[in-house]
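Enquirer: Before anything else, here's the structure in question.
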Amino acid sequence: MTSYLLILISTVFVNNIVMVKILGLCPFMGVSKKLEVAISMGAATTFVLTLGSGSSYLIDHFLLAPFHLEYLRTLSFIVVIAGIVQFTEMVVQKTSPVLHQVLGIYLPLITTNCAVLGIPLLNVQEKHNFIQSLFFGLGGAIGFSLVLVLFAGIRERLDGADVPGIFKGSAIAMITGGLMSLSFMGFSGLVK
Amino acid sequence: MLTALLVMSFIALLLGAVLGFSALKFRVEGNPLVDKIDAILPQTQCGQCSFPGCKPYAMAIAAGEADINRCPPGGEEGIRKLADLLGMEFKPFGEDTAAQKPKSVAFIDENTCIGCTLCIQACPVDAISGAAKQMHTVVAAECTGCELCVAPCPVDCIIMIPLKETISTWKFQYPAPPDPASGLASSSDKITAMSGHSQ
Numbered sequence: 010m011t012s013y014l015l016i017l018i019s020t021v022f023v024n025n026i027v028m029v030k031i032l033g034l035c036p037f038m039g040v041s042k043k044l045e046v047a048i049s050m051g052a053a054t055t056f057v058l059t060l061g062s063g064s065s066y067l068i069d070h071f072l073l074a075p076f077h078l079e080y081l082r083t084l085s086f087i088v089v090i091a092g093i094v095q096f097t098e099m100v101v102q103k104t105s106p107v108l109h110q111v112l113g114i115y116l117p118l119i120t121t122n123c124a125v126l127g128i129p130l131l132n133v134q135e136k137h138n139f140i141q142s143l144f145f146g147l148g149g150a151i152g153f154s155l156v157l158v159l160f161a162g163i164r165e166r167l168d169g170a171d172v173p174g175i176f177k178g179s180a181i182a183m184i185t186g187g188l189m190s191l192s193f194m195g196f197s198g199l200v201k
Numbered sequence: 112m113l114t115a116l117l118v119m120s121f122i123a124l125l126l127g128a129v130l131g132f133s134a135l136k137f138r139v140e141g142n143p144l145v146d147k148i149d150a151i152l153p154q155t156q157c158g159q160c161s162f163p164g165c166k167p168y169a170m171a172i173a174a175g176e177a178d179i180n181r182c183p184p185g186g187e188e189g190i191r192k193l194a195d196l197l198g199m200e201f202k203p204f205g206e207d208t209a210a211q212k213p214k215s216v217a218f219i220d221e222n223t224c225i226g227c228t229l230c231i232q233a234c235p236v237d238a239i240s241g242a243a244k245q246m247h248t249v250v251a252a253e254c255t256g257c258e259l260c261v262a263p264c265p266v267d268c269i270i271m272i273p274l275k276e277t278i279s280t281w282k283f284q285y286p287a288p289p290d291p292a293s294g295l296a297s298s299s300d301k302i303t304a305m306s307g308h309s310q
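Next comes the structure, spelled out in structure tokens:
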């Protein structure tokens with residue numbers, strides 16, 4: 010049990026997928042302009058990432074490894090993730106049309122979110138078992154959502170701030186993202 | 112090599128089955144009629160039908176809340192297509208709708224223009240180019256003649272110039288009262304449209 014808790018805390022704070030591993034930057038910059046959108050994007054990504062992490066483990070363990078087809082990992086993971094994203098889109102469209110309209114193009118774009126491919130590949134690298142993979146995916150997704158929501162909150166305040174002309178818009182967002190990344194380095198002292 | 116192909120096909124088949132199943136399970140009952148009507152409307156988003164755009168107008172027609180003869184940019188041909196699709200009688204333009212005018216484009220009198228950008232904001236198809244305190248001009252090829260830019264202009268420098276009919280703009284004029292015999296060709300369309308409506 011402790012090991013699973015450790016995985017969660019380590020992926021959410023210490024090895025945060027966005028701030029420390031620098032993966033999934035496109036939604037981090039693209040969907041962080043409004044707080045509510047960021048929250049729903051975080052929820053959709055959490056769903057996809059957890060499911061993708063688990064099913065990628067199953068594919069790798071029961072299909073690829075027995076036939077020594079490890080070189081097909083990237084390809085098959087992408088296919089599985091794309092399928093899960095389609096599935097999520099259908100479910101969201103059915104259950105919450107408003108959310109579907111808000112997420113719009115970003116929902117299919119989860120397919121090309123590198124964090125969603127990065128987590129399954131890291132799972133293989135770190136030789137996680139099935140439950141560990143699920144927790145690793147969930148933790149990574151929670152970390153991603155946390156950072157996305159925090160950043161969206163900061164950017165909403167930045168809109169009202171008196172920013173010098175040349176730093177307006179994306180420039181100040183990049184700098185803020187960098188500062189956030191620096192501050193997340195503080196968590197590396199959490200585990201000894 | 113062969114196992115690789117088989118494994119990948121197995122994954123693809125599995126995913127296809129899951130997605131196909133969930134597509135049936137989570138199908139959203141949209142109204143296919145709205146899309147069909149929306150496809151006929153000219154997509155100028157001009158608002159002359161008193162709805163905010165073509166899609167809302169299409170939804171209103173499908174719900175039976177609006178008449179089919181409220182779209183001047185679509186012209187009589189548009190009404191005819193809508194009447195065909197919905198199995199209704201052709202209706203001429205109503206008196207309360209802007210009557211169909213000869214196709215025209217907006218023209219900005221550049222001596223009077225003060226560069227206020229109000230017409231640029233009003234244009235639904237981005238056919239006016241210019242910037243604040245710079246002279247504006249209309250891209251004639253993009254202009255749909257919806258007249259939305261005429262009202263906001265504070266100095267009344269926009270006039271509508273009717274287009275001359277040329278070989279490339281000429282269109283066949285339907286004879287005024289619709290021929291009842293021509294209804295035969297589209298009767299099957301009507302049946303499918305109506306059965307789609309009732310679902």
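Chains A and B, in that order, are what the protein sequence lines are.
For the first sequence, the working numbering assigns the number 10 to the initial residue and increments by one for each residue that follows.
For the second sequence, the working numbering assigns the number 112 to the initial residue and increments by one for each residue that follows.
Note that CB positions come from ideal geometry on N, CA and C, so glycine has one too.
1) Do the CB positions of Cys160/B and Arg191/B come within less than 7 angstroms of each other?
2) Looking at the structure shown, is Pro289/B part of a helix, part of a strand, or coil, going by DSSP?
3) Could you spell out where the beta strand (DSSP E) holding Val216/B opens and where it closes?
4) Does the beta-carbon distance from Leu274/B to Cys157/B come in below 7 angstroms?
5) Using 8 angstroms for Cβ pairs, my map puts Phe144/A next to Asn132/A. What's the rounded Cβ distance?
6) Are the stretch 237-244 of chain B and the stretch 220-227 of chain B in contact at 8 angstroms, needing three or more beta carbon pairs?
7) Please list the terminal residues of the continuous beta strand (DSSP E) segment that includes Ile225/B.
8) Going by C-alpha to C-alpha distance, which of Met10/A, Leu14/A, Met189/A, Gly33/A sits closest to Ala150/A?
9) Sort out for me which residues DSSP pairs Ile68/A with in a bridge.
10) Measure the CB-CB distance between Phe201/B and Ile272/B and report whether it falls below 7 angstroms.
11) Going by beta-carbon coordinates alone, are Ala173/B and Leu152/B separated by less than 7 angstroms?
12) Going by other Cβ atoms of all chains shown within 10 Å of its Cβ, with 16 needed for buried, is His77/A buried or exposed?
13) Between which two residues does the alpha helix (DSSP H) holding Met271/B run?
14) Among Cys264/B, Ala233/B, Val236/B, Ser215/B, whose alpha-carbon lies nearest the alpha-carbon of Thr72/B?
15) Going by DSSP, what residue range makes up the alpha helix (DSSP H) through Asp195/B?
16) How many angstroms separate the CA atom of Glu176/B from the CA atom of Cys257/B?
17) Indicate whether at least one CB of chain A lies closer than 7 angstroms to the CB of Leu193/B.
18) Alpha helix (DSSP H) containing Ala169/B: first to last residue?
19) Could you give the residue range of the alpha helix (DSSP H) that holds Gln102/A?
20) Quick one: list the residues of chain C neighbouring Lys103/A, beta-carbon separation under 7 angstroms, in chain order.
21) Which residues share a DSSP beta bridge with Val210/A?
22) Measuring only the C-alpha atoms, how far is Asp168/A from Glu45/A?
23) If you check the beta carbons only, do Val2/A and Thr59/A fall under 7 angstroms apart?
24) Run down chain A in chain order and give the residues with a C-beta less than 8 angstroms from the C-beta of Ala118/B.
25) Evaluate contact between the stretch 178-198 of chain A and the stretch 13-32 of chain A, counting only Cβ atoms and requiring at least three cross-stretch pairs below 8 angstroms.
26) DSSP has Ile239/B in a bridge; who is on the other side?
27) Just the chain A side, please: which residues come within less than 9 angstroms of Ile231/B by C-beta, in chain order?
28) Please list, in chain order, the residues of the stretch 163-176 of chain A that have any C-beta partner in chain B closer than 7 angstroms.
29) Pairing CB atoms from the stretch 80-95 of chain A with CB atoms from the stretch 112-132 of chain B, are three or more of them under 8 angstroms?
Expert: Checking against the coordinates, here is how it stands:
1) Within the second sequence, numbered from 1, the residue matching residue 160/B stands at position 49. Within the second sequence, numbered from 1, the residue matching residue 191/B stands at position 80. No, the pair does not count as a contact, with Cβ atoms beyond the cut-off.
2) Here residue 289/B is taken as the residue at index 178 of the second sequence, counted from 1. With a pLDDT of only 49 at Pro289/B, under the threshold of 50, the placement of this residue in the model should not be trusted; the figure read from the coordinates follows. In the three-state scheme derived from DSSP, where H, G and I count as helix and E and B as strand, Pro289/B is classed as coil.
3) Reading the second sequence from its first residue, position 105 is the one you call residue 216/B. That run of the beta strand (DSSP E) goes 215-219.
4) Working through the second sequence from its first residue, we reach residue 274/B at position 163. Working through the second sequence from its first residue, we reach residue 157/B at position 46. It is not a contact, given that the beta carbons lie outside the stated cut-off.
5) The residue given as residue 144/A occupies position 135 in the first sequence. The residue given as residue 132/A occupies position 123 in the first sequence. Not quite, the Cβ-Cβ distance comes to about 10 angstroms (not below 8 angstroms), so this is no contact.
6) yes
7) Taking the first residue of the second sequence as position 1, residue 225/B is located at position 114. Premise fails: Ile225/B is in no beta strand (DSSP E) and is neither H nor E.
8) Taking the first sequence and counting its residues from 1, the one referred to as residue 150/A is at position 141. Answer by Cα proximity: Gly33/A.
9) The sequence position of residue 68/A within the first sequence is 59, counting from 1. For Ile68/A, no pairing in a beta bridge is given by DSSP.
10) Looking up residue 201/B in the second sequence gives position 90. Looking up residue 272/B in the second sequence gives position 161. Contact flag unset, no.
11) Position 62 of the second sequence, counting from 1, holds the residue named residue 173/B. Position 41 of the second sequence, counting from 1, holds the residue named residue 152/B. Not closer than 7 angstroms, so no.
12) Residue 77/A sits at position 68 when you count from the first residue of the first sequence. Exposed is the call here.
13) Counted from its first residue, the second sequence places residue 271/B at position 160. Not the alpha helix (DSSP H): Met271/B falls in the beta strand (DSSP E), residues 269-273.
14) The question about residue 72/B has no answer here: the residues shown for chain B are numbered 112 through 310.
15) For the purposes of this step, residue 195/B is identified with residue 84 of the second sequence, where counting begins at 1. Here the alpha helix (DSSP H) through Asp195/B covers 186-197.
16) Sequence index remark: in the second sequence, residue 176/B carries index 65 (1-based). Sequence index remark: in the second sequence, residue 257/B carries index 146 (1-based). Roughly 23 angstroms between the two C-alpha positions.
17) Counting from 1 along the second sequence, the entry for residue 193/B is found at position 82. It does not; no Cβ of chain A falls within 7 angstroms.
18) By one-based count along the second sequence, residue 169/B stands at place 58. Where Ala169/B is concerned, the enclosing alpha helix (DSSP H) stretches over 165-173.
19) As a working note, residue 102/A is residue 93 in the first sequence. It spans 82-104 - the alpha helix (DSSP H) in which Gln102/A sits, taken as one unbroken run.
20) Here chain C cannot be found, since the structure's protein chains are A and B.
21) The shown model of chain A, from 10 to 201, leaves out residue 210/A, and the question about it has no answer.
22) Looking up residue 168/A in the first sequence gives position 159. Looking up residue 45/A in the first sequence gives position 36. Between the alpha carbons of Asp168/A and Glu45/A lies a gap of roughly 16 angstroms.
23) The question about residue 2/A has no answer here: the residues shown for chain A are numbered 10 through 201.
24) Locating residue 118/B in the second sequence gives position 7, where the first residue counts as 1. The question names Ala, but residue 118/B in the sequence shown is Val. Result: Leu72, Leu73, Phe76, Leu78, Leu81, Ser85.
25) yes
26) Along the second sequence, read from residue 1 onward, the residue named residue 239/B stands at position 128. DSSP output for Ile239/B lists Val249/B as bridge partner(s).
27) By 1-based counting over the second sequence, the position of residue 231/B is 120. For Ile231/B, no chain A residue has a C-beta closer than 9 angstroms to its own C-beta; the minimum C-beta separation is roughly 22 angstroms.
28) none
29) yes
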